[in-house]
């Protein structure tokens, strides 16, 4: 066994690794030596996030118990749905970037509202509501991709499905 000093840092090599030229060292030994040298030359601060993750936080109840009531969710869901219905004028102008912005903003708010409504509804209605939820947001995602590709026909098709699904969803909760 031999030791190699690296500015105050000693790394011990086994006899099988004890070679005279650095190029004959194994790749893992070279990586270890390089890492040790870099850590010695550039010390890591004690609050470095990768080496010391933050302590675990308390349980997040926002996932289990939504922050909004059923009435608030229904009201804001209708507002977000109205924003999605208003996409018609942007589609006619073929303002694809604006379509994507409205889709993403209104879609994320509507998703949270619909989740709250579904969780607050009776068990027998949930399966049908979840189906509408899934179909609706699959179409929102597809419409977003179609708008990115500037495919007017696909955007129009998904828009019609979104409007139909939203109308059916609001009939169920009424």
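Residue numbers (my numbering): 583 to 756. All residues carry an ideal CB built from backbone N, CA and C; glycine is no exception. Given the structure is predicted, the values throughout are model-derived calculations rather than measurements.
Check, Outcome
"Nearest candidate by alpha-carbon position, reference residue 691, set 616, 663, 706, 607", "663"
"Test item: CB-CB of residue 699 and residue 712 under 8 Å", "no"
"Extent of the continuous alpha helix (DSSP H) to which residue 707 belongs", "705-731"
"Rounded straight-line distance, which links the Cα of residue 675 to that of residue 706", "42 Å"
"First and last residue of the uninterrupted alpha helix (DSSP H) at residue 656", "652-667"
"Element boundaries [alpha helix (DSSP H), containing residue 615]", "609-623"
"Counted within 10 angstroms of its Cβ, other Cβ atoms place residue 727 as buried (16 or more) or exposed", "exposed"
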